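A.B. asks: The structure under discussion is supplied below as structure tokens; questions concerning it will follow.
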Amino acid sequence: MLKYLKSTLVNFSKIIMQQNFKVTCAIPRTGRTFENFLAKLKLLGVDQQEINTILDISKQSKSMSRANFQEASEFLIEALQKIPCFGLFIDRKRSHRPYRIGFLGYEWLINEILVRVEGEEPHNGSSLIRLDEIDCAVVGLDELLTMTQYYLRNPTLVTKWGMYNYNIDKPTGIRIAGSAQLTRYNQILGREVQDIVGFFLITKSQNQPKLKHSSDFLTHLSTYGNRVFVKGRYVGIVKTAYPNLKVVSVEDVEDAVMQAEAGSFGLEIVQTGNTLRKKGLVLYGAPLFLSESVYVVDYNRYLKNEHLQKFVHDLNPVGYFEEQHIQQFALWYLALEKNLGDSWINKPSIIELFCDPQDPENGLRPYRLQTRYWQADDFYKQNEAKDLIEKAKVKLQRYYNEYNCA
Numbered sequence: 002m003l004k005y006l007k008s009t010l011v012n013f014s015k016i017i018m019q020q021n022f023k024v025t026c027a028i029p030r031t032g033r034t035f036e037n038f039l040a041k042l043k044l045l046g047v048d049q050q051e052i053n054t055i056l057d058i059s060k061q062s063k064s065m066s067r068a069n070f071q072e073a074s075e076f077l078i079e080a081l082q083k084i085p086c087f088g089l090f091i092d093r094k095r096s097h098r099p100y101r102i103g104f105l106g107y108e109w110l111i112n113e114i115l116v117r118v119e120g121e122e123p124h125n126g127s128s129l130i131r132l133d134e135i136d137c138a139v140v141g142l143d144e145l146l147t148m149t150q151y152y153l154r155n156p157t158l159v160t161k162w163g164m165y166n167y168n169i170d171k172p173t174g175i176r177i178a179g180s181a182q183l184t185r186y187n188q189i190l191g192r193e194v195q196d197i198v199g200f201f202l203i204t205k206s207q208n209q210p211k212l213k214h215s216s217d218f219l220t221h222l223s224t225y226g227n228r229v230f231v232k233g234r235y236v237g238i239v240k241t242a243y244p245n246l247k248v249v250s251v252e253d254v255e256d257a258v259m260q261a262e263a264g265s266f267g268l269e270i271v272q273t274g275n276t277l278r279k280k281g282l283v284l285y286g287a288p289l290f291l292s293e294s295v296y297v298v299d300y301n302r303y304l305k306n307e308h309l310q311k312f313v314h315d316l317n318p319v320g321y322f323e324e325q326h327i328q329q330f331a332l333w334y335l336a337l338e339k340n341l342g343d344s345w346i347n348k349p350s351i352i353e354l355f356c357d358p359q360d361p362e363n364g365l366r367p368y369r370l371q372t373r374y375w376q377a378d379d380f381y382k383q384n385e386a387k388d389l390i391e392k393a394k395v396k397l398q399r400y401y402n403e404y405n406c407a
């Protein structure tokens, strides 16, 4: 069996070496972002049967993961016979860390450009750009912040992805090109909704914070020493924002809050709120930051590589204030609101969550792929930003009312 596996992988490597790809793009090996991005490739003319085969195998991979390497390899051999784009990796998100099949890499001709799409750990996309090893990646803002805080003048100000480029302070080619607008079917609304998430304060239903804003309450917790459970990868972000907070790193924030003494809280990534509702936990106030899948590009390579420019253009990154993004934000907020009901304590309005009044000052500015450095200027973009924000608020409220009445 292992002999066959070795032979298959050698043939696979020969195929790759014969190719002359012009662009490299990193995506997660498995999971929702991986599935959503591959589904989007269908719209760019990629063979639908190939994509469906890859997605079918990937969906089986979790149940077929094994602690034993040889047993896991059996499913890998079966997968490679169907399409040679998989490899084994260690699933560190599960307690016994099994071997699992994941997307390794494949090349597709996308609008006459040969693109190598490579599977990676979600947080490694920005790291590989920083190391000058890939051209672009699909990552969440939360993952980007965990890996690149060093380059930002004040990472605590970056509460939306539209503020990231403006706050880059140290030399780096990392830039956000725009939202990837990756969607998934939402059962609450019965339609596709974008993968927006918030990094929210959560607690047991009997713990009722009295302060209005979650940021005020985190300052309060910092003073009085209450424990706040945080997933390990986000500890750095939280400690940067609240250095005196008693942060406890855990694998599962929701379970830690459930089992802890009264007065304990957690900070958790929340998209739909399904598990919170099932466990009887409540969401509190506004999130520390919002996240969604974005296209991250090596801007230095972008300027020199016409193929990369065309590929990024074809991906169609969507700006923070563009119509599509406003529509999807309204849908996400409505779905979370409907799902949680009274379990969302001190819920912010959709307007203040989309754009706080101080956000433009902190860098929430409009920029396009044609904007130099994709980094809005301090002066000549401020008035345009204010105008766009006011128009966006009107549109956002209109879409929210429309979807809420549907």
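Numbered per our numbering, the sequence shown spans residues 2 to 407.
For each residue, glycine too, the CB sits at the ideal point set by N, CA and C.
Note that the coordinates shown come from a computational prediction; the quantities given were computed from them, not determined experimentally.
1) Along the chain, where does the alpha helix (DSSP H) containing F104 start, and where does it finish?
2) Does the Cβ of R369 have 16 or more other Cβ atoms within 10 Å, making it buried, or fewer, making it exposed?
3) At a cut of 8 Å, does the segment 64–81 reach the segment 263–283 through at least three beta carbon pairs?
4) How do the segment 169–188 and the segment 289–301 stand: do at least 3 beta-carbon pairs fall below 8 Å, yes or no?
5) Report all residues from its chain with a CB closer than 8 Å to the CB of T149; omit the five preceding and five following residues, and keep chain order.
6) Which ranges does the beta strand (DSSP E) cover as unbroken runs of at least 3 residues, wholly within the segment 59–102, from first to last along the chain?
7) Would DSSP call N340 helix, strand or coil?
8) Please classify N245 as buried or exposed, where buried requires at least 16 other C-beta atoms within 10 Å of its C-beta.
9) Pull up the distance between the alpha-carbon of Q49 and that of V249, whole angstroms please.
10) With respect to the beta strand (DSSP E) encompassing N402, which residues constitute its N-terminal and C-terminal limits?
11) Indicate whether A73 and R101 have their beta-carbon atoms separated by less than 8 Å.
12) Rounded to whole angstroms, how far is the Cβ of I327 from the Cβ of A393, which I believe are closer than 8 Å?
13) Answer with buried or exposed for D57, where buried requires no fewer than 16 other C-beta atoms within 10 angstroms of its C-beta.
14) Jot down the residue ranges of each uninterrupted alpha helix (DSSP H) in the segment 175–240, minimum 4 residues, whole runs only, in chain order.
15) Starting from T276, follow the alpha helix (DSSP H) in both directions and report where the run begins and ends.
16) When the Cα of L44 is compared with those of T31, N112, V140 and L335, which residue comes out closest?
17) With F123 and E108 assumed to form a contact (beta carbons below 8 Å), what rounded beta-carbon distance in angstroms separates them?
18) Is S350 helix, strand or coil when you go by DSSP?
C.D. replies: Based on what the coordinates show:
1) For the purposes of this step, residue 104 is identified with residue 103 of the sequence shown, where counting begins at 1. First-last for F104: Y100 to F104, but that is the beta strand (DSSP E), not the alpha helix (DSSP H).
2) Residue numbering aside, residue 369 sits at position 368 when the sequence shown is read from its first letter. R369 is exposed by the Cβ-count criterion.
3) no
4) yes
5) Position 148 of the sequence shown holds residue 149. Within the same chain, T149 has close Cβ partners S127, R131, T173 and I175.
6) 87–91
7) For the purposes of this step, residue 340 is taken as residue 339 along the sequence shown, with counting starting at 1. Three-state DSSP puts N340 in a helix.
8) As a first step, residue 245 is located in the sequence shown; it is residue number 244 there, counting from the start. So N245 ends up on the exposed side.
9) Here residue 49 is taken as the residue at index 48 of the sequence shown, counted from 1. Here residue 249 is taken as the residue at index 248 of the sequence shown, counted from 1. So the two alpha carbons sit approximately 45 Å from each other.
10) Walking along the sequence shown from the start, residue 402 turns up at place 401. Per DSSP, N402 belongs to no beta strand (DSSP E); it is in the alpha helix (DSSP H), Q383 to C406.
11) Counted from its first residue, the sequence shown places residue 73 at position 72. Counted from its first residue, the sequence shown places residue 101 at position 100. Their beta carbons are under 8 Å apart, which means A73 touches R101 by this criterion.
12) Counting from 1 along the sequence shown, the entry for residue 327 is found at position 326. Counting from 1 along the sequence shown, the entry for residue 393 is found at position 392. Their Cβ separation, rounded to whole angstroms, is 6 Å, which keeps I327 and A393 in contact under 8 Å.
13) Here residue 57 corresponds to residue number 56 of the sequence shown, with the count starting at 1. The residue in question, D57, is exposed, as its Cβ has fewer than 16 Cβ neighbours within 10 Å.
14) 215–225
15) In the sequence shown, residue 276 corresponds to position 275, counting from 1. Taken as a continuous stretch (DSSP letters only), the alpha helix (DSSP H) holding T276 covers N275 to K280.
16) The count along the sequence shown starts at 1 and reaches residue 44 at position 43. Ranking the options by Cα distance to L44, first place goes to N112.
17) By one-based count along the sequence shown, residue 123 stands at place 122. By one-based count along the sequence shown, residue 108 stands at place 107. Here the sequence assigns Pro to residue 123, which means Phe is not the residue at that position. With 8 Å as the limit, P123 and E108 do not qualify as a contact, their Cβ atoms being about 21 Å apart.
18) Within the sequence shown, numbered from 1, the residue matching residue 350 stands at position 349. Correct three-state label for S350: coil.
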